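Colleague: Mind looking over this structure? Questions follow.
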Amino acid sequence: MRRQTFMRRQTFTRFTSIIFTIVIFTLTVVNVSQMTYAQTVQWPTAPETLAGSAILIDADTGAILYDKSSHMKAYPASMTKIMTGLLTIENCSFDEVVTFSSEAARSVVQGDSNISTKVGEQYTVEQSLYALLLSSANEVAYGLAEHVGGSLSGFVNLMNTKAKELGALNTHFNNASGLSDPNHYTTAYDMAMIGRASFSNGAFLSIDSYTGSYKLGSTNLTSVARILTGSNLMFKGRQFYYEYCKGSKTGFTDESGYTLISYAEKDGMRLICVVMKEANINDRYMDTKDLFEYGFNNFKKVSISNSDMSSLFNSSNYYDSEVYGNNNISFSFDASYIDLPNAAKLSDIGLKVDSSATGNIDDPNYAAKLNFIYNGKTVGSSSIIINKKNTIKSENLPYLASNNSSVPISKKSFVINVWYLGIGIGIILILQIIMLIRHLQQMKRRKRYH
146 MRRQTFMRRQ TFTRFTSIIF TIVIFTLTVV NVSQMTYAQT VQWPTAPETL AGSAILIDAD
206 TGAILYDKSS HMKAYPASMT KIMTGLLTIE NCSFDEVVTF SSEAARSVVQ GDSNISTKVG
266 EQYTVEQSLY ALLLSSANEV AYGLAEHVGG SLSGFVNLMN TKAKELGALN THFNNASGLS
326 DPNHYTTAYD MAMIGRASFS NGAFLSIDSY TGSYKLGSTN LTSVARILTG SNLMFKGRQF
386 YYEYCKGSKT GFTDESGYTL ISYAEKDGMR LICVVMKEAN INDRYMDTKD LFEYGFNNFK
446 KVSISNSDMS SLFNSSNYYD SEVYGNNNIS FSFDASYIDL PNAAKLSDIG LKVDSSATGN
506 IDDPNYAAKL NFIYNGKTVG SSSIIINKKN TIKSENLPYL ASNNSSVPIS KKSFVINVWY
566 LGIGIGIILI LQIIMLIRHL QQMKRRKRYH
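Mapping to the working numbering: the sequence shown position 35 is 180, numbers consecutive.
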């Protein structure tokens with residue numbers, strides 16, 4: 146009799162264990178499936194472009210929304226003039242007078258863009274900028290270079306220094322206008338970085354976005370007024386009008402093909418598009434418009450605060466990188482913005498320290514660049530300040546190791562979901578109650594039998 150009772154209890158215990166295992170397994174499968182679903186939100190499908198290289202970025206976050214061979218070296222042609230214009234605005238007042246040397250005035254050849262500037266002719270800086278950005282006048286670019294840099298070579302040095310400051314990686318300028326030269330090259334990515342600074346400058350944008358005809362009045366050597374018009378066919382009344390386009394600069398040489406850098410703004414999102422090596426003049430406008438529409442229709446701009454970043458760290462987003470301290474470290478972050486596909490969530494973001502943008506790790510307040518990663522793509526960035534003096538001991542903060550690796554590596558950890566734990570305990574309690582009830586029923590039966 147005792148053996149039979151023992152066997153019944155053992156059978157019931159096994160049955161209970163099986164039920165519990167099935168329940169926990171089911172909950173785990175559901176959880177994993179939800180995680181898998183979150184990770185399978187794909188990057189939006191981009192339109193086909195005819196450009197040899199192209200890029201679409203958010204002007205505020207720097208997030209790359211579209212990339213086609215954007216680091217491939219190419220000739221910029223007259224897109225160069227946005228750098229010439231930016232440096233002029235940063236170093237001159239609009240009422241300064243530019244006197245054109247013989248080298249500047251005679252720098253153009255037949256077929257070059259120009260406004261027939263004479264040797265010794267004088268324009269104000271403001272007039273020169275309209276001639277540079279609207280009429281793409283090559284001799285004006287030369288004259289501004291001499292005015293700002295003291296000489297063309299001096300200005301070229303300023304251009305190359307500025308390009309690096311703005312984040313250009315594979316650019317070398319050799320003139321101020323964009324005339325073809327084997328030593329005058331850039332990439333779509335680098336031009337987008339230069340465009341971020343240019344289109345964020347109010348004075349630059351006010352001239353570059355000018356949609357009317359600018360009247361260049363009489364000068365010391367020319368009595369007849371000249372009418373300057375822009376070449377941007379995406380402005381109102383033009384062939385490829387795009388209502389959100391606020392500025393652009395075209396370019397063309399036989400070596401470069403057709404190039405275009407453009408800026409558009411819609412509902413608080415500011416985008417910059419660069420297309421290079423276009424075979425046909427119209428293709429650069431159609432590709433640009435398609436990419437702008439792709440960006441505006443498929444992405445959202447999301448603000449991310451200090452608390453948001455802290456929650457990202459606390460969600461098992463631990464990593465190793467070359468920024469390191471063996472002691473515990475406290476962190477502070479800049480508030481920032483990121484770009485996400487419309488269907489994505491902030492919780493899908495990963496974190497990565499950019500090892501190419503780090504400072505001196507021995508500094509008490511060490512600054513590094515923190516990139517936000519979604520589906521392997523950088524969708525925004527923020528500065529991370531690592532304070533080694535006032536440390537906060539916390540296992541919830543990431544540890545940074547000196548293994549010369551900037552690739553995120555998850556810290557080994559065991560995560561317990563309290564909801565699932567509670568459900569599991571509840572199931573065990575219910576099964577224990579059932580076992581107790583059955584045991585009491587069996588005891589009653591024995592009493593009646595005896």
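Yeah, the Cβ is synthetic: ideal placement off N, Cα and C, and Gly gets one too. Note that the coordinates shown come from a computational prediction; the quantities given were computed from them, not determined experimentally.
What do you get for residue 583, buried or exposed, if any count of 16 or more other CB atoms within 10 angstroms of its CB means buried?
Modeller: Exposed, since its Cβ has fewer than 16 Cβ neighbours within 10 Å.
Colleague: Classify residue 314 as helix, strand or coil using the three-state DSSP reduction.
Modeller: Coil at residue 314, not helix or strand.
Colleague: What are the boundary residues of the beta strand (DSSP E) that includes residue 269?
Modeller: Residues 267 to 269.
Colleague: Rounded to a whole number of angstroms, what is the C-alpha to C-alpha distance between residue 520 and residue 189?
Modeller: Their backbone Cα atoms lie some 11 Å apart in a straight line.
Colleague: When the Cβ atoms of the region 284 to 291 are set against those of the region 228 to 242, are three or more pairs found closer than 8 Å?
Modeller: At 8 Å Cβ cutoff, the stretches touch.
Colleague: Looking at the structure shown, is residue 406 part of a helix, part of a strand, or coil, going by DSSP?
Modeller: In the structure shown, residue 406 sits in a strand (DSSP, three-state: E or B).
Colleague: How about residue 387 and residue 279: do their beta carbons lie closer than 7 Å?
Modeller: Cβ distance not < 7 Å, so residue 387 and residue 279 don't count as in contact.
Colleague: Any idea what DSSP makes of residue 250, helix, strand or coil?
Modeller: Residue 250 falls in the helix class under three-state DSSP.
Colleague: Measure from the alpha carbon of residue 239 to the alpha carbon of each residue in 436, 349, 355 and 580, then state which is nearest.
Modeller: Comparing Cα-Cα distances from residue 239 to each of 436, 349, 355 and 580, the minimum goes to 349.
Colleague: How is the alpha helix (DSSP H) around residue 366 delimited, first residue to last?
Modeller: It is not in any alpha helix (DSSP H) - residue 366 carries neither H nor E in the DSSP assignment.
Colleague: Looking at residue 422 and residue 389, is the spacing between their C-beta atoms short of 7 Å?
Modeller: No, these two residues do not count as a Cβ contact at 7 Å.
Colleague: Tell me whether residue 543 is buried or exposed, calling it buried when 16 or more other Cβ atoms sit within 10 Å of its Cβ.
Modeller: Legend: pLDDT at residue 543 = 39, less than 50; position of this residue unreliable, no value from coordinates given.
Colleague: Got a sec? Which residues, its chain only, sit under 6 Å from residue 362 by beta carbon, not counting five neighbours each side?
Modeller: For residue 362, where only same-chain residues beyond five positions count, the Cβ hits under 6 Å are 370.
Colleague: Give the straight-line distance between the Cα atoms of residue 328 and residue 292, rounded to the nearest whole angstrom.
Modeller: Approximately 23 Å between the Cα atoms of the pair.
Colleague: For residue 522, which of 347, 496, 294 and 261 has the nearest alpha-carbon?
Modeller: Closest by alpha carbon: 496.
Colleague: Would you mind reading off the limits of the alpha helix (DSSP H) that contains residue 229?
Modeller: 226 to 236 is the span of the alpha helix (DSSP H), which, as asked, contains residue 229.
Colleague: Roughly how many angstroms lie between the CA atoms of residue 212 and residue 431, to the nearest whole one?
Modeller: When rounded, the distance between both Cα atoms is 16 Å.
Colleague: Which of the three DSSP states is assigned to residue 487 in this structure?
Modeller: Residue state, collapsed to three classes: coil.
Colleague: Measuring alpha carbon to alpha carbon, tell me which of 215, 485, 481 and 209 ends up nearest residue 443.
Modeller: Comparing Cα positions, the closest option is 485.
Colleague: Report the option in 202, 198 and 197 whose CA atom is closest to the CA atom of residue 680.
Modeller: Residue 680 is absent from the model: the chain starts at 146 and stops at 595.
Colleague: Quick one: what's residue 293 bridged to in DSSP?
Modeller: None; residue 293 has no bridge partner.
Colleague: Leaving out the 5 sequence neighbours to the left and right, which residues in its chain are closer than 8 Å to residue 526 when beta-carbon positions are compared?
Modeller: Cβ within range, chain order: 206, 207, 481, 499, 514, 515, 516 and 517.
Colleague: First and last residue of the beta strand (DSSP E) that includes residue 414?
Modeller: Looking at the DSSP string, the run of the beta strand (DSSP E) that includes residue 414 is 414 to 423.
Colleague: Taking 6 Å as the limit between beta carbons, can you name the residues of its chain near residue 375, skipping five residues before and five after?
Modeller: For residue 375, where only same-chain residues beyond five positions count, the Cβ hits under 6 Å are 279.
Colleague: For residue 356, which option in 586, 265 and 275 has the closest C-alpha, if you only look at C-alpha atoms?
Modeller: Closest by alpha carbon: 275.
Colleague: What does the Cβ neighbour count give for residue 265, buried or exposed, with the cut at 16 atoms within 10 Å?
Modeller: Looking at its Cβ environment, which holds fewer than 16 other Cβ atoms inside 10 Å, residue 265 is exposed.
Colleague: Closer than 7 Å by C-beta to residue 378: which residues in its own chain qualify, once you throw out the five before and the five after it? Chain order, please.
Modeller: So the list reads 384, 385 and 430, once near-sequence residues are dropped.
Colleague: Please state whether DSSP places residue 275 in a helix, a strand or coil.
Modeller: The answer is helix: DSSP assigns residue 275 an H, G or I state.
Colleague: Roughly how far, in whole angstroms, is the beta-carbon of residue 315 from the beta-carbon of residue 335, given that I think they are within contact range, below 8 Å?
Modeller: That belief holds up - the Cβ atoms of residue 315 and residue 335 are roughly 6 Å apart, short of 8 Å.
Colleague: By the DSSP assignment, the alpha helix (DSSP H) with residue 441 in it spans what residues?
Modeller: It spans 428 to 443 - the alpha helix (DSSP H) in which residue 441 sits, taken as one unbroken run.
Colleague: Looking at C-alpha atoms only, which residue of 435, 222 and 572 is the closest neighbour of residue 192?
Modeller: The residue with the shortest Cα to Cα distance from residue 192 is 435.
Colleague: May I have the straight-line CA-CA distance separating residue 400 from residue 488, to the nearest angstrom?
Modeller: Each residue's alpha carbon lies about 42 Å from the other.
Colleague: Between the beta-carbon of residue 250 and the beta-carbon of residue 269, is there less than 7 Å?
Modeller: For residue 250 and residue 269, no; Cβs fall outside 7 Å.
Colleague: Quick one: Cα of residue 419 to Cα of residue 368, how far?
Modeller: Near 39 Å, if we compare the C-alpha coordinates of residue 368 and residue 419.
Colleague: Could you pull out every residue in the same chain whose Cβ sits closer than 6 Å to the Cβ of residue 233, ignoring the five residues on either side in sequence?
Modeller: Only 289 and 293 meet the Cβ criterion.
Colleague: Please classify residue 301: does DSSP put it in a helix, a strand, or coil?
Modeller: The answer is helix: DSSP assigns residue 301 an H, G or I state.
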